[in-house]
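Trainee: FYI, the numbering for the sequence shown is -8 to 415, going by this note's numbering.
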Amino acid sequence: MKLDMKVNHLPVLTWNKLKLNDADVKAEFSGELPVYTFYASGLSEGVEIKTDVTADEVKKMSEGLKIENKREAYVAGKYPTYAKQQFATGMGVEIDELFESNNVLTDVITVADNVSAKEPLLLHFSSTAAEKDELLAGWKTEIDENDEDADPDSVKSFAGKKMEALKKSEKPLFAQLIVVGENSEVTIALDFTSDDESTELIGISTRLYLKKGAKVKFVKIQRAGNKTLVLNDTGAIEEEYAQLDYAKLELGGEKTYTGVYSALNGKKSIFYFDCGFFVNEKRILDGNFVATQRGRETDAKMFFKGVLADEAQKVFRETIDMRLGSEGSLGDEQEDSLLLGDNVINKAMPIILCEEEKVEARHGATIGKISDEMLFYMQTRGIEKVEAEKMIVRGKLNDVSRKIPDDGLSALVRSKIEEGFKNL
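#1: Enumerate, from N- to C-terminal direction, the unbroken alpha helix (DSSP H) stretches of 4 or more residues contained entirely within the stretch 278 to 312.
#2: What first and last residue would you give for the beta strand (DSSP E) that runs through Ala402?
#3: Under the three-state reduction of DSSP, which class applies to Tyr200: helix, strand or coil?
#4: In whole angstroms, what is the alpha-carbon distance linking Ala254 and Ala233?
#5: Compute the Euclidean distance between the alpha carbons of Gly257 and Leu56, then round it to the nearest angstrom.
#6: Does the Cβ of Tyr368 have 16 or more other Cβ atoms within 10 Å, making it buried, or fewer, making it exposed?
#7: By a C-beta neighbour count over all protein chains shown, 10 Å radius and 16 as the cutoff for buried, is Ser328 buried or exposed?
#8: Going by DSSP in three states, Lys413 sits in which element: helix, strand or coil?
#9: So if DSSP puts Glu19 in a beta bridge, which residue, or which two residues, is it bridged to?
#10: Closest to Glu309 by C-alpha separation, out of Glu318, Val270, Lys296, would be which residue?
#11: Excluding the 5 residues flanking Gly172 on each side, which residues of the same chain have their C-beta closer than 6 Å to its C-beta?
#12: Can the beta-carbon of Ala14 be found closer than 8 Å to that of Gly226?
#13: Relative to the C-alpha of Ile408, which candidate in Glu351, Glu326, Phe280, Gly216 has its C-alpha closest?
#14: Taking Thr291 and Gly322 to be in contact with their CB atoms under 8 Å, please state how far apart those CB atoms are, rounded to whole angstroms.
#15: In this structure, does DSSP put Val207 in helix, strand or coil?
#16: Between Ser145 and Ile374, what straight-line distance do the alpha-carbon atoms span, to the nearest angstrom?
#17: Roughly how many angstroms separate the alpha carbons of Gly81 and Leu168, rounded to a whole number?
#18: DSSP state of Met82, grouped into three classes?
#19: State buried or exposed for Glu59, treating a residue as buried only when at least 16 other CB atoms are found within 10 Å of its CB.
#20: Excluding the five sequence neighbours on either side, which residues of its own chain have a C-beta within less than 8 Å of the C-beta of Thr5, listed in chain order?
#21: Since Arg353 sits in a beta bridge, which residues does DSSP pair it with?
#22: Looking at C-alpha atoms only, which residue of Val335, Glu348, Ser160 is the closest neighbour of Gly359?
#23: I'd like to know whether the C-beta atoms of Ser35 and Glu85 end up nearer to each other than 8 Å.
#24: Can you list, in chain order, the stretches of the beta strand (DSSP E) that have 3 or more residues and sit fully within the stretch 29 to 66?
#25: Of the choices Ser406, Glu326, Ile212, Tyr27, whose alpha-carbon is the least far from that of Lys381?
#26: Once you ignore the five residues that flank Val26 on each side, which residues in its own chain have a CB closer than 8 Å to its CB?
#27: Mapping the DSSP letters down to three states, classify Tyr368 as helix, strand or coil.
#28: Within its chain, find whatever has a CB closer than 6 Å to the CB of Asp301; leave out the 5 residues flanking it on each side and keep chain order.
#29: Quick check: Met425 and Val16, are their CB atoms within less than 8 Å of each other?
#30: Taking the alpha carbon of Gln304 as the reference point, which residue from Ser320, Glu326, Phe269 has its own alpha carbon closest?
#31: I need the DSSP call for Asn389, collapsed to helix, strand or coil.
See below:
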């Protein structure tokens, strides 16, 4: 498989010398890629999963949904990337083309109207190579020695929960469409991982559609191996009075390209986004995050907290886009990045676009190293420098990781974070 594409386009072009207008993804995988398996646990009444849905079937299922990506009023310099996607995502149309060219089918998750899910829905994707390291991957095989016909896949538990294997795929690309009915409430955690030793590719494209009054808590956790190329894309549409609380953790991958696009189309719709990241060694994290507010009195908040260490590189494009008709809306984007080391590269592009007058929006950033005063204070309390750095890193990521709705999965996330401390 060969990749050569541009992703993560800024909605507004900037001086090209900064090289922030988009990101180039170039890679070639000559050997066989490992088989991935899609698992699920926690299906409540009123929640259904249908795997391998064709594009025609998805189109038919989407009839009646208010999926319409209107072009904005003319603004000089705006790059019409998102108008190319009917259901926009953060990474852009090139990801759709990659999935279509590889005949990737969609897994559709539907939540009926007026459903209050009793337990979180846990979705997990892992490669066969990753599952061999049961401790790291979180797997445990519980085979009854007296049952000679037992299928090992059917008795596996992940993060302490019995998982159902829904499908296997020789292509490491997975697409999900999650449709949540009117006035329904559901919590969904999506976690994926890969092997630390082998060169792998994993691509996850998730679209969420929230109908009127729907409330969704969505957690997406990336724990890929250190030699993996990660494509982690998300798009969301919220109708009136819908609310999406989205917590996202980027903890692995050699090169990770990620994007989030949320369209607040309905009146008083809400999008709260928390992104945590830990990038170390020579790893690269490139992201594009956009909240487009079209409905009246919408509320979008995006917070980014994380750590760069060693020779890591990060590029974040963070945009609040208030369109004509979003009167009375609020927008806020804040970044808090800790730099551990003199060789890290941190680039951030906070943007506020506005076509409407009666709105409020702000952005801010706190970027820097641990102060000598803070280190001295902690050392006077008997805490060594390395341990002090670890404590501060854990604190940075805790605001996001505490939103994980499952104790077993939280433990795996803590393990992945601790793994990143080896060079401190």
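Yeah, the Cβ is synthetic: ideal placement off N, Cα and C, and Gly gets one too.
Mentor: On the basis of the data shown:
#1: Counting only runs of 4+ residues, no alpha helix (DSSP H) is found wholly inside the stretch 278 to 312.
#2: Per DSSP, Ala402 is not a residue of any beta strand (DSSP E); the alpha helix (DSSP H) it occupies stretches across 398 to 410.
#3: Tyr200: strand per DSSP, three-state reduction.
#4: Approximately 11 Å, taken between the alpha carbons.
#5: Looking at the two C-alpha atoms, the distance is approximately 12 Å.
#6: So Tyr368 counts as exposed.
#7: By the 10 Å Cβ count, Ser328 comes out buried.
#8: Here DSSP, grouped into helix, strand and coil, assigns Lys413 to helix.
#9: Paired residue(s): Lys(-7).
#10: The option with the nearest alpha carbon to Glu309 is Lys296.
#11: Excluding residues within five positions, the ones whose Cβ falls inside 6 Å are Val102, Ala103, Asp104, Lys202.
#12: Judged by their CB atoms, Ala14 and Gly226 are not nearer to each other than the 8 Å cut-off.
#13: Nearest neighbour of Ile408 by Cα position, chosen from Glu351, Glu326, Phe280, Gly216, turns out to be Gly216.
#14: Residue identity check: residue 291 is Ala in the sequence provided, not Thr. The pair is a contact, with the Cβ atoms about 5 Å apart (cut-off 8 Å).
#15: In the displayed model, Val207 falls within a strand according to three-state DSSP.
#16: Residue confidence is low: Ser145 scores 49 on pLDDT, short of 50, so the model does not pin down where it sits. Its coordinate-derived value is still stated next. Rounded to the nearest angstrom, the two C-alpha atoms are 46 Å apart.
#17: Cα-Cα distance, rounded: 15 Å.
#18: Correct three-state label for Met82: coil.
#19: Exposed is the call here.
#20: Closer than 8 Å at Cβ, skipping near neighbours: Leu11, Asn12, Met340.
#21: The partner list for Arg353 (beta bridge, DSSP) reads Asp323.
#22: In terms of Cα proximity to Gly359, the closest of Val335, Glu348, Ser160 is Val335.
#23: No Cβ-Cβ contact shorter than 8 Å links Ser35 with Glu85.
#24: As far as the stretch 29 to 66 is concerned, its whole beta strand (DSSP E) runs of at least 3 residues are 38 to 44.
#25: In terms of CA proximity to Lys381, Ser406 leads the group Ser406, Glu326, Ile212, Tyr27.
#26: Excluding residues within five positions, the ones whose Cβ falls inside 8 Å are Ser118, Thr119, Lys159, Ser160, Glu161.
#27: Correct three-state label for Tyr368: helix.
#28: Asn271, Glu272, Gly332, Asn414.
#29: An answer regarding residue 425 cannot be provided, because it is not within the stretch -8 to 415 covered by the chain.
#30: Of Ser320, Glu326, Phe269, the residue nearest in Cα terms is Phe269.
#31: Per DSSP, reduced to three states, the secondary structure at Asn389 is helical.
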